[in-house]
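Below is one structure, written out as structure tokens, with a few remarks after it.
Chains as they are written, first to last, in this note's numbering: chain L, 192 to 861; chain B, 28 to 186.
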């Protein structure tokens, strides 16, 4: 869905959170009755007092009733018409941007030919090496874990349609996080406490090697509760069958929390007292919060009075994640680790904006609270850090005890129409699992990188060392360009930089610049770029997806570097969303500019500066597909010359298999 | 007696105010109010309920548009290709968008409801564009776009 949307004001809640649950002595669970939201029984009295107030305003209301709000309506493609600059433009400039008035003016217009998806275009979109089920809808990653030699992945799945609904847990296993075998569904909606949905959850591996899974169930009355499940047979490395704890639910919405604001329990970590602690996202009015519970057996819980954290005006926190990172080494840490060389990350998925935000901070284990290092970029604030500046949501990490790393999974939804999803029979993929760690050089952000194992898909490669003169667009001959791994290093020639710094006429724009605000995206020509690659491009560049660095001068004359992906010309289709994504990327003194790009049909994952800024995009070209998809490298700079040194690998398919004994045996051999 | 009349008037005013307050925060107040008032459930519904009423309106409009599309095959056979596309898109609204939105709002995960509702507008617009300026469905398209915008605004209040 659209990335930058103005939030519509939310009406004040009329209903007060009622307390439908009687509190048992230990304050955990009780008879889960529900109160559907309804007006208070004494509405007459309230109506009178409300009416008294209203009488005063009633006349004013009638007099000034003006139904139409100004068009703040979320408009991700709100581009004002940019006049093409008179100076010579790189071929990359392509078609001039059309103005987009209002929400429904789809890109294109009366002059573009009527467009229709055909099966050839749609079937091309399926990825070769990203995780996706054979058909239908998928969303959040669930309970990832490593056990007895296998990586397990579970996921929100709709067995009946290519849109969200009827959610159950899908399951797959892999030896290497890349080659997967689909397994039968792990859990279905067969109990009253999850009959309306077997929703997101997390696994905790206990010291004795056993596994507990906590997940959210939507009950038969649509109340969100937390349930416990565990493998039926711990001797089965494939963990095919799961048992739900007969005493479920183990947690129900506590007093003060609405029955539909209580979901996505985390992996547990140890407290100083030796108990287990989990956190669950929620909200109170518009303040996003994370509730904390302690348990010894995962069956009964004590709720802490304090929150792990909360941030006003961030809305509901979904898929909260909480984990330690090493300050000194780029390695993973078990969720229970703590100490002086450790920081803690709090991450949440913001329901209001569909962005995943995180912050680096300090965890106080004595009272289960956490504070960010920099409150001005606290979790969920528009300025706070994101794992990924593109299409990326509901992410979840787990500690991979097999290789001592922390791995990040994320749901990558579609940006096309649901009609296309229905026609092609599927919707959504997962991002390539990434290692995540604290950037030990800056100490302020995480860095992510596709897991090393993806290199096993690399086939032939070609190396290039090019000097890109200003305004150049150079085709890169690599054969088919739909499954690629690109590693590149860019450097602006010293003479060009010297000239730039010496030129007082260059306007400082870094403070105002953002990848998405700059509506012309990659088509502008600036003193120092932008420069980068254009992937999934036709030879004539009628369709293309540029991934690039944009270097802007700040008021202090320092350079600020942005890393962007421009999908606005990725397709001529008029029913897909085509944002320009990206963010500033920290570049330290002496560092060359580096980027890595994974191209896999309708998904492009881009990593700037070693994974300091990451952008995942979904693109749906209509002609830049199959053999017609090409790769270009470009430099839009007006004056500066850029050297590009890069390697491009063809990527093999991961051959993700449906379940069969043979498929499992084949993976076991690797 | 006067007190009773006053109380009843105030109750009526405050009955309407939920719809008023909600509709004020949508792009088309008049449309929103007329849609919600035309449904008997409107006067006592909470925000979720209002959203569900509007989704029902989307369903009704999509059904009506499909009927119109079916009728056009005979009257305007030269438009067959565009009509086929439209038929597919409006069927998506009925079979995918609407059920998805209803389930999502009923279960308290409104963001999927927002997706479904927004998509209804996308499908209508894409269908319209297929006629390249010579659409026989323009007024129905505009209705769907407007209802979709209004409904989306109400669904977002649930986030």
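For each residue, glycine too, the CB sits at the ideal point set by N, CA and C. Being a predicted model, the structure only gives us computed values, none of them experimental.
Beta carbon proximity, residue i to chain B, threshold 9 Å
i, result
"residue 463 (chain L)", "no"
"residue 307 (chain L)", "yes"
"residue 608 (chain L)", "yes"
"residue 507 (chain L)", "yes"
"residue 582 (chain L)", "no"
"residue 765 (chain L)", "yes"
"residue 257 (chain L)", "Annotation note: pLDDT 39 at residue 257 (chain L) (below 50); position unreliable, coordinate value reported separately. Cβ-Cβ to chain B under 9 Å: yes for residue 257 (chain L)."
"residue 542 (chain L)", "yes"
"residue 426 (chain L)", "no"
"residue 851 (chain L)", "no"
"residue 333 (chain L)", "no"
"residue 352 (chain L)", "yes"
"residue 451 (chain L)", "yes"
"residue 854 (chain L)", "no"
"residue 310 (chain L)", "no"
"residue 392 (chain L)", "no"
"residue 221 (chain L)", "With a pLDDT of only 38 at residue 221 (chain L), under 50, the local geometry of the prediction cannot be trusted, and no value is derived from it."
"residue 545 (chain L)", "yes"
"residue 571 (chain L)", "no"
Whole-number beta carbon distance between residue j and residue i, since they are thought to touch under 8 Å
i, j, result
"residue 678 (chain L)", "residue 545 (chain L)", "The pair is not a contact, with the Cβ atoms about 30 Å apart (cut-off 8 Å)."
"residue 199 (chain B)", "residue 94 (chain B)", "Look at the range of chain B in this structure, 28 to 186, and you will see that residue 199 (chain B) is not part of it."
"residue 416 (chain L)", "residue 443 (chain L)", "5 Å"
Residue i at chain L interface by Cβ criterion, 9 Å
i, result
"residue 89 (chain B)", "no"
"residue 95 (chain B)", "no"
"residue 65 (chain B)", "no"
"residue 126 (chain B)", "yes"
"residue 170 (chain B)", "no"
"residue 131 (chain B)", "yes"
"residue 123 (chain B)", "yes"
"residue 137 (chain B)", "yes"
"residue 119 (chain B)", "yes"
"residue 110 (chain B)", "no"
"residue 105 (chain B)", "no"
"residue 83 (chain B)", "no"
"residue 78 (chain B)", "no"
"residue 68 (chain B)", "no"
"residue 143 (chain B)", "yes"
"residue 157 (chain B)", "yes"
Where the beta strand (DSSP E) containing residue i begins and where it ends
i, result
"residue 591 (chain L)", "584-591"
"residue 371 (chain L)", "371-378"
"residue 805 (chain L)", "804-809"
"residue 363 (chain L)", "359-365"
"residue 626 (chain L)", "625-629"
"residue 785 (chain L)", "784-791"
"residue 859 (chain L)", "No beta strand (DSSP E) holds residue 859 (chain L); the alpha helix (DSSP H) holding it covers 852-860."
Span of the alpha helix (DSSP H) around residue i
i, result
"residue 126 (chain B)", "125-133"
"residue 644 (chain L)", "Neither: residue 644 (chain L) is in no alpha helix (DSSP H) and is coded neither H nor E."
"residue 720 (chain L)", "Residue 720 (chain L) -> no alpha helix (DSSP H), and no H or E assigned at all."
"residue 688 (chain L)", "685-693"
"residue 834 (chain L)", "Counting along the chain, residue 834 (chain L) falls outside any alpha helix (DSSP H), though it belongs to the beta strand (DSSP E) covering 833-842."
"residue 796 (chain L)", "Not the alpha helix (DSSP H): residue 796 (chain L) falls in the beta strand (DSSP E), residues 794-799."
"residue 312 (chain L)", "310-315"
* Asked: What runs of the beta strand (DSSP E), each 3 residues or longer, lie entirely inside the segment 389-465 of chain L?
  -> 389-396, 402-409, 415-422 and 433-435
* To do: Kindly provide the ranges of any beta strand (DSSP E) runs that are 3 or more residues long and lie completely inside the segment 646-674 of chain L, ordered along the chain.
  => 649-659 and 663-667
* Asked: How about the segment 113-132 of chain B and the segment 141-157 of chain B: do they share at least three Cβ pairs that are nearer than 8 Å?
  -> yes
* Evaluate contact between the segment 823-838 of chain L and the segment 681-695 of chain L, counting only Cβ atoms and requiring at least three cross-stretch pairs below 8 Å. => Yes, the segment 823-838 of chain L touches the segment 681-695 of chain L.
* Return the chain-ordered ranges of every beta strand (DSSP E) run that is complete within the segment 518-551 of chain L and spans a minimum of 3 residues. => 533-541
* Asked: Looking at C-beta atoms only, is the number of pairs between the segment 579-589 of chain L and the segment 350-366 of chain L that lie closer than 8 Å three or more?
  -> no
* To do: Tell me, please, whether the segment 586-600 of chain L touches the segment 611-619 of chain L by the rule of three or more beta-carbon pairs shorter than 8 Å.
  => no
* Sequence ranges, alpha helix (DSSP H) only - wholly within the segment 138-182 of chain B, length at least 4 -> The segment 138-182 of chain B is shown to contain no whole alpha helix (DSSP H) run of 4 or more residues.
* Asked: If you pair each beta-carbon of the segment 333-340 of chain L with each one of the segment 385-393 of chain L, do three or more pairs fall below 8 Å?
  -> The answer is yes - the segment 385-393 of chain L touches the segment 333-340 of chain L, with three or more Cβ pairs under 8 Å.
* Any chance the segment 739-749 of chain L sits against the segment 807-819 of chain L, with 3 or more Cβ pairs inside 8 Å? -> The segment 739-749 of chain L is not in contact with the segment 807-819 of chain L.
* To do: Taking only runs that begin and end inside the segment 60-117 of chain B, name each unbroken alpha helix (DSSP H) of 4 or more residues, in chain order.
  => 74-102
* Three or more beta-carbon pairs under 8 Å between the segment 470-482 of chain L and the segment 504-514 of chain L, yes or no? -> yes
* Asked: Hey, is the segment 727-739 of chain L in contact with the segment 693-703 of chain L, meaning 3+ C-beta pairs nearer than 8 Å?
  -> no
* Which ranges does the beta strand (DSSP E) cover as unbroken runs of at least 3 residues, wholly within the segment 729-771 of chain L, from first to last along the chain? -> 736-744 and 750-757
* Asked: With contact counted as at least three CB pairs below 8 Å, one residue from each stretch, are the segment 835-851 of chain L and the segment 341-352 of chain L in contact?
  -> no
* Validate contact between the segment 171-186 of chain B and the segment 130-140 of chain B using beta carbons, cut 8 Å, 3 pairs -> Yes, since at least three Cβ pairs between the segment 171-186 of chain B and the segment 130-140 of chain B fall closer than 8 Å, the two stretches touch.
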